[in-house]
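Under the numbering used here, read the sequence shown as residues 41 to 327, first letter to last. Have a look at the structure below before the remarks.
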Amino acid sequence: MSDALDRRATRGAADPGLPGRVSRATALEPTATTHAGSWAPDAGQDSSALIPMDAPPRLAISLAEVTKVYPNGKHAIEDIDLEVPEGDFVFLVGPSGAGKSTLIKLLVRDEVPTTGSVVVAGIPLDKIRRGDIPMLRRRIGIVFQDFRLLPRKTVRENVAFALEVTGTPRGAIRTTVDRLLALVGLTAQADQRPGQLSGGEMQRAAIARAMVHGPELVIADEPTGNLDPLISWEIIQLLLRINEMGTTVLMATHNAEVVTALRKRVVALEEGRIIRDEVGGYHREYA
Ligand code: ADP
């Protein structure tokens, strides 16, 4: 393996030139609670010893006075303040049209806010250059309701693909993909194509793919929306496990049973505003 390839493989750890970006070498990642790097090919050294004991938790998500008005005049998000500390598991709920998808689009820089600031994984998105957006997306794993797997590729290839496009060496890809497939329980299905899998297995593959770069934050947009209740619980258990390993999870959902049972933080949107933000259950108006 050449040095050049080696350097390319670890490029994600350096991410030079991003405004406001905290360097891995000097500060906060991977932290004692951010274990995602352990399966990521670009894992940096554990710098947890550098973090003062009384340091406030770093924020995975910080929105300040964020409003999003679409060109047609629709106020989809209205003056939202939201802070999600690193390591949290947060449900995002609200009826259809409440603004959940818009909020997620703002977090992954699919949309830009009309006013206000959005900071994700320490990166102020208003300052991010277009060329740095792929780096942002590597720091966020995204899981969709409809899985979005490549139909002609096997499970292994679907997971490996995101690493191939960033120039990761083949050996590192194999190791990472094997670890992730074991994590999501798909080792036996590695060579099957999505069409040969159940819905739950497809979502497991999509979760493995979301984890390939060892993201700090996983955003799951209705991940159980196409799954029956039993399989939904398996997917939730997997997301909880990923969260326990240190990755922040934000999950948009209508799954009242899951939200009520887990007693996690629930951020409820209605007409673009946060109407409730508390640990607890699912209220009827969220449906
Ligand atoms: P949710 O995900 O909670 O269903 P959305 O964020 O999709 O809500 O939508 C919030 C509001 O913004 C809705 O009224 C929706 O019709 C509107 N909206 C969403 N996307 C656009 C867009 N691209 N242009 C105009 N209006 C939009």
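We treat Cβ as the ideally placed atom computed from N, Cα and C, and that holds for glycine.
Hey, quick one: how far does the alpha helix (DSSP H) through Ile168 stretch, first residue to last? One-based indexing of the sequence shown puts residue 168 at position 128. Premise fails: Ile168 is in no alpha helix (DSSP H) and is neither H nor E.
For Asn295, verify whether its CB is less than 7 Å away from any heavy atom of the ligand ADP. If you number the sequence shown from 1, residue 295 lands on position 255. Not so, every heavy atom of the ligand ADP lies at least 7 Å from the Cβ.
Where Asp86 and Gly137 are concerned, what is the direct C-alpha to C-alpha distance, given to the nearest angstrom? Residue 86 sits at position 46 when you count from the first residue of the sequence shown. Residue 137 sits at position 97 when you count from the first residue of the sequence shown. Low confidence applies here, because Asp86 scores a pLDDT of 46, under 50, leaving its location unreliable; read the following figure in that light. Cα-Cα distance, rounded: 42 Å.
Excluding the 5 residues flanking Asp317 on each side, which residues of the same chain have their C-beta closer than 6 Å to its C-beta? Position 277 of the sequence shown, counting from 1, holds the residue named residue 317. Once the five neighbours on either side are set aside, the close Cβ partners of Asp317 are Val307.
Quick check: does the Cβ of Thr142 come within less than 7 Å of any heavy atom belonging to the ligand ADP? The residue you call residue 142 lines up with position 102 of the sequence shown. Checking every heavy atom of the ligand ADP against the Cβ of Thr142, one is found closer than 7 Å.
Give, in chain order, every unbroken run of the alpha helix (DSSP H) that is at least 4 residues long and sits entirely within the segment 198-256. Taking only runs of at least 4 residues, the alpha helix (DSSP H) segments lying wholly in the segment 198-256 are 210-224, 239-250.
Would you say Val130 and Arg305 are within 8 Å of each other, going by their C-beta atoms? In the sequence shown, counting from the first residue as 1, residue 130 sits at position 90. In the sequence shown, counting from the first residue as 1, residue 305 sits at position 265. Between Val130 and Arg305, the CB-CB gap stays under 8 Å.
DSSP-derived helix/strand/coil call for Thr107: The residue given as residue 107 occupies position 67 in the sequence shown. Strand.
Same chain, Cβ closer than 7 Å to Leu203, neighbours up to 5 away in sequence not counted: Sequence index remark: in the sequence shown, residue 203 carries index 163 (1-based). Leaving aside the five residues that flank Leu203 on each side, the residues in its chain whose CB is nearer than 7 Å to its CB run, in chain order, Pro81, Ile213, Thr216, Val252.
If we count Cβ pairs, one from each stretch, closer than 8 Å, do we get three or more for the segment 221-241 versus the segment 271-290? Judged by pairs of C-beta atoms under 8 Å, the segment 221-241 touches the segment 271-290, as three or more such pairs exist.
Closer than 8 Å, CB to CB, is Ile213 near chain D or not? Considering every chain present, this structure includes no chain D. It has just one protein chain.
What's the C-alpha gap between Glu297 and Val148? Mapped onto the sequence shown, residue 297 falls at position 257. Mapped onto the sequence shown, residue 148 falls at position 108. Near 28 Å, if we compare the C-alpha coordinates of Val148 and Glu297.
Between which two residues does the beta strand (DSSP E) containing Leu189 stretch? Position 149 of the sequence shown, counting from 1, holds the residue named residue 189. Judged by DSSP secondary structure, Leu189 falls outside any beta strand (DSSP E); it is assigned neither H nor E.
Could you check whether the Cβ of Tyr110 sits closer than 7 Å to any heavy atom belonging to the ligand NAP? What this structure holds is the ligand ADP, not the ligand NAP.
Assess contact between the segment 110-119 and the segment 261-280, defined as three or more Cβ pairs (one per stretch) separated by less than 8 Å. Is contact present? With the cut-off at 8 Å, the segment 110-119 and the segment 261-280 do not touch.
Alpha carbon of Arg210 to alpha carbon of Arg219, nearest angstrom: Here residue 210 refers to the residue found at position 170 of the sequence shown. Here residue 219 refers to the residue found at position 179 of the sequence shown. The alpha-carbon atoms of Arg210 and Arg219 are separated by roughly 14 Å.
Between the segment 182-200 and the segment 238-256, do at least 3 Cβ pairs fall closer than 8 Å? Yes: at least three Cβ pairs fall under 8 Å.
If you draw a straight line from the alpha carbon of Gly134 to that of Ala100, how long is it in whole angstroms? Position 94 of the sequence shown holds residue 134. Position 60 of the sequence shown holds residue 100. CA-to-CA, the gap between Gly134 and Ala100 works out to about 21 Å.
When you compare each of Gly265, Gly127, Gly312 to Tyr395 by their alpha carbons, which one comes out closest? No answer is possible for residue 395: the residues shown for the chain start at 41 and end at 327.
Which same chain residues end up closer than 7 Å to Gly320 when comparing Cβ atoms and leaving out the 5 residues on each side of it in sequence? Translated into the one-based positions of the sequence shown, residue 320 becomes position 280. Same-chain partners within the cutoff: Arg303, Val306.
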